[in-house]
């Protein structure tokens with residue numbers, strides 16, 4: 088079953104704009120991770136945020152986590168055409184490092 | 002460092018036939034995962050190995066799917082017999098799981114079409 092639900096399902100923006108994607112989940116988690124998937128490079132890990140963290144940055148990426156609302160957001164600033172991809176949130180709840188992925192947000196960045 | 006290798010990249014078979022996929026994880030990664038990704042959905046974990054042992058296979062359809070990881074390195078995933086609904090991309094991933102690192106590294110996947 089899918090734990091995370093990304094919103095929106097699809098997002099189209101112009102190069103240079105910011106893109107925000109949201110993820111909601113149902114059960115308590117140990118951490119939440121964001122992955123990117125495009126046809127050229129497959130599925131790639133972007134960032135991990137632990138349940139006791141509220142915000143994390145990595146380059147042009149900013150992730151927030153609100154465990155009281157069971158939600159996370161991924162912000163990509165100053166987007167580029169190369170950011171065009173599907174973005175997935177994945178949650179880890181137990182001790183066996185199993186990840187449960189959402190359905191993803193398809194981001195299109197137009198040049 | 003070399004990434005996760007998978008083969009074949011594409012496979013077309015008819016229903017009721019059997020098929021096998023191979024995965025070679027990143028050297029030194031003790032944990033190996035097989036995921037199924039149906040078009041338009043996120044990856045779904047089928048089975049997780051820690052070295053030779055199975056950690057989680059709760060979502061593996063065991064009546065038709067099997068997987069093994071001999072010697073704790075390479076792994077094969079088999080489907081026998083295949084059904085139309087098995088058409089998907091099968092992703093292999095590996096992780097080190099030491100020093101707090103939980104990053105999973107994914108291979109390019111095998112795209113399976115069952116006719």
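Residue numbers (the numbering used here), protein chains in the order written: chain A, 88 to 198; chain B, 2 to 116.
Glycine is no exception: its CB is placed at the ideal position from the N, C-alpha and C atoms.
Neighbour list for residue 189/A in chain B, Cβ cutoff strictly below 7 Å: Residue 189/A sits at position 102 when you count from the first residue of the first chain. Per Cβ cutoff of 7 Å: 43.
In the DSSP output, which residue or residues are listed as bridge partners for residue 69/B? Indexing the second chain from 1 puts residue 69/B at position 68. 77/B.
Looking at the structure shown, is residue 85/B part of a helix, part of a strand, or coil, going by DSSP? Translated into positions along the second chain, residue 85/B becomes position 84. Looking at residue 85/B - three-state DSSP - the assignment turns out to be helix.
Our contact map puts residue 110/A next to residue 159/A with C-beta atoms below 8 Å; I'd like the distance itself, whole angstroms only. Mapped onto the first chain, residue 110/A falls at position 23. Mapped onto the first chain, residue 159/A falls at position 72. Rounded, the Cβ-Cβ distance is 5 Å, consistent with contact.
For residue 18/B, which residues from the same chain have a beta carbon less than 6 Å from its beta carbon, with the 5 sequence-adjacent residues on both sides left out? Position 17 of the second chain holds residue 18/B. Contacts found: 83.
What residues in its chain sit with their C-beta under 6 Å from that of residue 97/B, if we drop five residues either side in the sequence? Taking the second chain and counting its residues from 1, the one referred to as residue 97/B is at position 96. Cβ within range, chain order: 30.
Identify, in the order they occur along the chain, each residue of the same chain with its Cβ nearer than 6 Å to the Cβ of residue 25/B, setting aside the five sequence neighbours on each side. Stepping through the second chain from its first residue, residue 25/B is reached at position 24. These residues qualify, in order along the chain: 6 and 75.
Tell me whether residue 168/A sits in a helix, a strand or coil according to DSSP, three-state version. Indexing the first chain from 1 puts residue 168/A at position 81. In this structure, residue 168/A counts as helix in the three-state DSSP scheme.
Please check if any C-beta of chain B sits within less than 8 Å of the C-beta of residue 129/A. The residue given as residue 129/A occupies position 42 in the first chain. Yes, its Cβ sits closer than 8 Å to a Cβ of chain B.
Can you pull the chain A neighbours of residue 96/B, defined as C-beta to C-beta under 9 Å? Here residue 96/B is taken as the residue at index 95 of the second chain, counted from 1. Under the 9 Å cutoff, chain A gives 184.
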